[in-house]
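Peer 1: Protein chains in written order, with this note's numbering: chain A, 6 to 63; chain B, 1174 to 1844; chain C, 16 to 140. Even for Gly, the Cβ is constructed at its ideal location relative to N, Cα and C. Got a structure here, written out as structure tokens. Questions coming.
So, in structure tokens, the structure goes:
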């Protein structure tokens, strides 16, 4: 490995980032480390008078 | 439009300032998407509602009096109270439980209900269900031009009075009533009446309002057989319908492969020149190699297929808009049912010919769970556009001097995918998905002249998604593969050193009868590059796994190509490009030709022999080589076991058949 | 599955609790008593109609989930339908207000499904 070449470290860093991107796109979240997981979508439970409205789960 | 707005204002409801987020709700086939496109144009993005498989299109509408409006296109539903996934998404969005990605949670600020003017009584039931929620609402009665041609003239004033909210008569197709698009959504007000709470009540309410709004209906002309009946008789007939279907499909794919060739050639030329330009501009070194050999060659080999994808989606969208696609699905029910698939599976399977991802997502329109699972499991057998690069490459190798035979091999590959898919569906329905078949029911939309605007916007949407994929995932895969192929650096082989010394000696003391020093250096370059690639990390990985793929005729390069394409099929050609670029002068002959003429480590056996090419073709037709598809399968089916079954079954079938083809050809004397 | 209605009574008419579950007699479904013979005898399968005939839907003898989807599509009790195409698939036009003057929608049905839709009050369009 050309450790003394600054370009080697640059292309290696780019490749590591690319590998992370591939893993993030292709693997289900549970197989990924926490920092690679996608942010979950916004969900807010519907409440009426402080009580959740029943029967609306997903 | 202002007249209608005044009519609505006449109900005594004062318009409120323009809403921020507006949900677009309507029955299927009401022209909802055409209206969305008319209001938002290109200013929209497509994603999924979080935690669901329902597509969420959010567009920005400008031109209204208030602040900018974000329009959320909800799935087309007959009723938001049904126990169907799309109805549930509508319920949850209207209740503020679900928001499109990037949107704040909470109830939408307003709802725009799209009604089909030719079918008011049924459409008004959905309007009633929405109005019951007491959100600021505006009703757009769409397809008013079509309704007028049929002698239907809904009265906007009566409708607004009866519904208790503003009503606008529009034609999203022609732009009638939408001269200032933003104003439509600014009209939304909280309804002054509440429709009945029961289903019977809201149906009676809808019928009463429709009759009041259509106070002067055109008398029905008895005895005359409508044109739609005659068209349906032709298109749904077992013989004429099948013939028309075959012609339409043949025309569709002929257009895709014939017309798309020209822009494909241009794109290939652009990337070939870009590779040369990068070499000239960037300084010598690893960074320049990464850009020219990894990025430009790799991404270029994929982006070249953009015209085919765009054209296929454009034509599918046009067909859908004419109303033919629904008839084709109905007619295909007859064909698909013996294999345990419903006619509903037709559109998902046709879409899968562009890409399995939208195909699998379209399978949510299949009502029965077993039918849906079977459709999802076999959708990736259909030849997606990602396989096209491999087909083009391999059929070119198989029949280099006969475009006709190459085309026949192409068609054969398509047919093999369809046959394997249908046979797999049958096996699945007899084993893991055993159960009674559910008969099909489907609304057949009116025959219409397709909207060019809608089709172009759909094409833009899909093409952009593909480019995004090529610009992110495929680019990333190419970068990783280049890195694995570039390191570790190794000493050049003795033969290459010898050739270079020989060339240097010839330059110092030229010998007219001796070999050309330039040719000697080129041969030395090829040997060095092949040696380096074979000993690189990816070469070692390929060699480690190659015993598995050797029976299919693969050398280590093809093994690496096949392995890399398990992430995404289109990466195969990119991988082969990354692996052979440097060995071959692709700037002169083009990437695809460089790959087909590449040789194995011995320097003379082609990487693609005839038998290997045939076996690779069969393998790529049948194998499950797309990680995103597996992820979507797991998500759509709700369980990763279906994704694993899909992967295991398709890979096993692909390996077995490719093995039979390669060994069979070898036994027949074809090398 | 609920006891299928075998007559052309409006949906508000209560069903008999003791009506036989299997092979119900035409018109023997209503708590108010048997329907008139003309109504009861008029009940037939949708698939028995010819192209161009118009009829009123009496009952969709389907699972509740399927019936609710058909109902949302307009194929509900007392809806008038015109047969556009017989055979496989079976195509009907749902007529609102009895004819096409108030709008209509066209629905394709697999023949086995159409065979489970009972109709009455048949007339020529």
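1. Just checking my contact of residue 1526 (chain B) with residue 1485 (chain B) at CB under 8 Å: how many whole Å lie between their CB atoms?
2. Do you know whose CA, among B:1561, B:1267, B:1797, B:1346, lies nearest residue 1628 (chain B)'s CA?
3. Straight-line CA distance for residue 1587 (chain B) to residue 1556 (chain B)?
4. Buried or exposed for residue 1282 (chain B), please, with buried defined as at least 16 other CB atoms from any protein chain shown within 10 angstroms of its CB.
5. Pull out every residue of the region 1640-1663 of chain B whose Cβ sits closer than 7 Å to any Cβ of chain A, in chain order.
6. Does residue 1441 (chain B) come out as helix, strand or coil in the three-state DSSP assignment?
7. Using 8 Å as the threshold, is the C-beta distance between residue 1244 (chain B) and residue 1234 (chain B) below it?
8. According to the Cβ coordinates, are residue 75 (chain C) and residue 82 (chain C) closer than 8 Å?
9. In three-state terms, what does DSSP make of residue 1528 (chain B)?
10. Which class does residue 1712 (chain B) belong to by DSSP, given the choice of helix, strand or coil?
11. Measuring straight from C-alpha to C-alpha, what distance separates residue 1822 (chain B) and residue 30 (chain A)?
12. DSSP state of residue 1798 (chain B), grouped into three classes?
13. Looking at the C-beta of residue 1463 (chain B), does it have a partner C-beta in chain A at a distance below 8 Å?
14. Leaving aside the five residues before and after residue 134 (chain C) along the sequence, list all residues of the same chain whose C-beta is less than 8 Å from its C-beta, in chain order.
15. In terms of residues, what are the limits of the beta strand (DSSP E) holding residue 1350 (chain B)?
16. Where are the alpha helix (DSSP H) runs, 4 residues long or more, that stay fully inside the region 1618-1669 of chain B, in chain order?
17. According to the neighbour-count rule (16 or more other Cβ atoms, all chains shown, within 10 Å of its Cβ), is residue 37 (chain C) buried or exposed?
18. What are the boundary residues of the beta strand (DSSP E) that includes residue 1244 (chain B)?
19. Just tell me which of B:1565, B:1205, B:1242 has its CA closest to the CA of residue 1584 (chain B).
20. With distances taken Cα to Cα, identify the nearest neighbour of residue 1358 (chain B) among B:1660, B:1816, B:1400, B:1232.
21. Rounded to whole angstroms, what's the CA-CA distance from residue 1608 (chain B) to residue 1543 (chain B)? Just pull it up for me.
22. Are residue 1314 (chain B) and residue 1341 (chain B) touching if we call contact CB-CB under 8 Å?
23. Rounded to a whole number of angstroms, what is the C-alpha to C-alpha distance between residue 61 (chain A) and residue 137 (chain C)?
24. Just to confirm the assignment, what range does the beta strand (DSSP E) spanning residue 1382 (chain B) have?
25. Can you confirm whether the region 1630-1640 of chain B touches the region 1486-1493 of chain B when touching is taken to mean that 3 or more C-beta pairs between the two stretches lie within less than 8 Å?
26. Within its chain, find whatever has a CB closer than 7 Å to the CB of residue 1694 (chain B); leave out the 5 residues flanking it on each side and keep chain order.
27. Grab the span of the alpha helix (DSSP H) containing residue 1292 (chain B) for me, first residue to last.
28. Are the C-beta atoms of residue 89 (chain C) and some chain B residue less than 8 Å apart?
29. Below 8 Å on the Cβ atoms is my contact criterion, and I expect residue 1719 (chain B) with residue 1727 (chain B) to pass it. Report the Cβ-Cβ distance as a whole number of Å.
30. Is the Cβ of residue 41 (chain A) closer than 8 Å to any Cβ of chain B?
31. Using C-beta distances below 8 Å, list every residue in its chain close to residue 1253 (chain B), excluding the 5 sequence neighbours before and after it, in chain order.
32. Give me the Cα-Cα distance between residue 1450 (chain B) and residue 1724 (chain B), rounded to the nearest whole angstrom.
33. Can you pull the chain A neighbours of residue 1458 (chain B), defined as C-beta to C-beta under 8 Å?
34. At a cut of 8 Å, does the region 1397-1406 of chain B reach the region 1438-1455 of chain B through at least three beta carbon pairs?
35. Does the ligand FMN have even one heavy atom less than 7 Å from the beta-carbon of residue 71 (chain C)?
36. What do you get for residue 1474 (chain B), buried or exposed, if any count of 16 or more other CB atoms within 10 angstroms of its CB means buried?
Peer 2: Judging by the given coordinates:
1. Indexing the second chain from 1 puts residue 1526 (chain B) at position 353. Indexing the second chain from 1 puts residue 1485 (chain B) at position 312. Right, the Cβ-Cβ distance comes to about 7 Å (below 8 Å), so this counts as a contact.
2. Mapped onto the second chain, residue 1628 (chain B) falls at position 455. Checking every option, the nearest Cα to that of residue 1628 (chain B) belongs to B:1346.
3. Here residue 1587 (chain B) is taken as the residue at index 414 of the second chain, counted from 1. Here residue 1556 (chain B) is taken as the residue at index 383 of the second chain, counted from 1. So the two alpha carbons sit approximately 6 Å from each other.
4. By 1-based counting over the second chain, the position of residue 1282 (chain B) is 109. So residue 1282 (chain B) ends up on the buried side.
5. 1645, 1646, 1649, 1650, 1652, 1653, 1656, 1660, 1661, 1662
6. Taking the second chain and counting its residues from 1, the one referred to as residue 1441 (chain B) is at position 268. In this structure, residue 1441 (chain B) counts as helix in the three-state DSSP scheme.
7. Position 71 of the second chain, counted from the first residue, corresponds to residue 1244 (chain B). Position 61 of the second chain, counted from the first residue, corresponds to residue 1234 (chain B). A contact, by the Cβ cut-off of 8 Å.
8. Numbered from its first residue, the third chain carries residue 75 (chain C) at position 60. Numbered from its first residue, the third chain carries residue 82 (chain C) at position 67. Between residue 75 (chain C) and residue 82 (chain C), the CB-CB gap stays under 8 Å.
9. Position 355 of the second chain, counted from the start, is the residue given in the question as residue 1528 (chain B). Residue 1528 (chain B) falls in the coil class under three-state DSSP.
10. For the purposes of this step, residue 1712 (chain B) is taken as residue 539 along the second chain, with counting starting at 1. Here residue 1712 (chain B) sits in helix by DSSP.
11. On the second chain, position 649 is the one that residue 1822 (chain B) refers to. On the first chain, position 25 is the one that residue 30 (chain A) refers to. Straight-line Cα distance between these residues: approximately 23 Å.
12. By one-based count along the second chain, residue 1798 (chain B) stands at place 625. Correct three-state label for residue 1798 (chain B): coil.
13. Taking the second chain and counting its residues from 1, one reaches residue 1463 (chain B) at position 290. It does: the Cβ of residue 1463 (chain B) has a partner Cβ on chain A nearer than 8 Å.
14. Here residue 134 (chain C) refers to the residue found at position 119 of the third chain. Taken in chain order, the residues that qualify are 58, 59, 60, 61, 64, 70, 71, 72, 73, 96.
15. In the second chain, the residue the question calls residue 1350 (chain B) occupies position 177. That residue, residue 1350 (chain B), is in no beta strand (DSSP E); it is neither H nor E in DSSP.
16. Within the region 1618-1669 of chain B, the complete alpha helix (DSSP H) runs of at least 4 residues fall at 1625-1642, 1648-1659.
17. As a first step, residue 37 (chain C) must be located in the third chain, where it is residue number 22. Interpretation of residue 37 (chain C) is limited by its pLDDT of 41, a score under 50 that renders its predicted location unreliable; the figure taken from the coordinates is listed afterwards. By the 10 Å Cβ count, residue 37 (chain C) comes out exposed.
18. To locate residue 1244 (chain B), count along the second chain from 1; it is residue 71. Where residue 1244 (chain B) is concerned, the enclosing beta strand (DSSP E) stretches over 1242-1246.
19. Here residue 1584 (chain B) refers to the residue found at position 411 of the second chain. Per the Cα distances, B:1565.
20. As a working mapping, residue 1358 (chain B) is identified with position 185 in the second chain. Among B:1660, B:1816, B:1400, B:1232, the Cα nearest to that of residue 1358 (chain B) is on B:1232.
21. For the purposes of this step, residue 1608 (chain B) is taken as the residue at position 435 of the second chain. For the purposes of this step, residue 1543 (chain B) is taken as the residue at position 370 of the second chain. Those two C-alpha atoms are separated by around 8 Å.
22. Residue 1314 (chain B) sits at position 141 when you count from the first residue of the second chain. Residue 1341 (chain B) sits at position 168 when you count from the first residue of the second chain. Cβ distance < 8 Å, so residue 1314 (chain B) and residue 1341 (chain B) count as in contact.
23. Indexing the first chain from 1 puts residue 61 (chain A) at position 56. Indexing the third chain from 1 puts residue 137 (chain C) at position 122. Confidence at residue 61 (chain A) is low in this model, with a pLDDT of 36, below 50, so the placement of that residue is unreliable and no value is reported for it.
24. What you label residue 1382 (chain B) is simply residue 209 of the second chain in a count that begins at 1. Per DSSP, residue 1382 (chain B) belongs to no beta strand (DSSP E); it is in the alpha helix (DSSP H), 1372-1386.
25. yes
26. Mapped onto the second chain, residue 1694 (chain B) falls at position 521. Counting only residues of its own chain and dropping the five nearest sequence neighbours on each side, residue 1694 (chain B) has a CB closer than 7 Å to the CB of 1673, 1676.
27. Translated into positions along the second chain, residue 1292 (chain B) becomes position 119. Per DSSP, residue 1292 (chain B) belongs to no alpha helix (DSSP H) and is neither H nor E.
28. Residue numbering aside, residue 89 (chain C) sits at position 74 when the third chain is read from its first letter. Taking 8 Å as the threshold, the shortest C-beta distance from residue 89 (chain C) to chain B falls below it.
29. On the second chain, position 546 is the one that residue 1719 (chain B) refers to. On the second chain, position 554 is the one that residue 1727 (chain B) refers to. With a Cβ gap of about 7 Å, residue 1719 (chain B) and residue 1727 (chain B) count as contacting.
30. Residue 41 (chain A) sits at position 36 when you count from the first residue of the first chain. Closer than 8 Å: no.
31. By one-based count along the second chain, residue 1253 (chain B) stands at place 80. Within the same chain, residue 1253 (chain B) has close Cβ partners 1198, 1260, 1263, 1264, 1267, 1299, 1302, 1303.
32. Here residue 1450 (chain B) refers to the residue found at position 277 of the second chain. Here residue 1724 (chain B) refers to the residue found at position 551 of the second chain. About 41 Å.
33. To locate residue 1458 (chain B), count along the second chain from 1; it is residue 285. Result: 10, 12.
34. Using a C-beta cut-off of 8 Å, the region 1397-1406 of chain B makes no contact with the region 1438-1455 of chain B, since fewer than three inter-stretch Cβ pairs fall below that distance.
35. The ligand FMN is not among the ligands present in this structure, which contains no ligands whatsoever.
36. For this step, residue 1474 (chain B) is matched to residue 301 along the second chain. It is buried - the Cβ of residue 1474 (chain B) has at least 16 other Cβ atoms within 10 Å.
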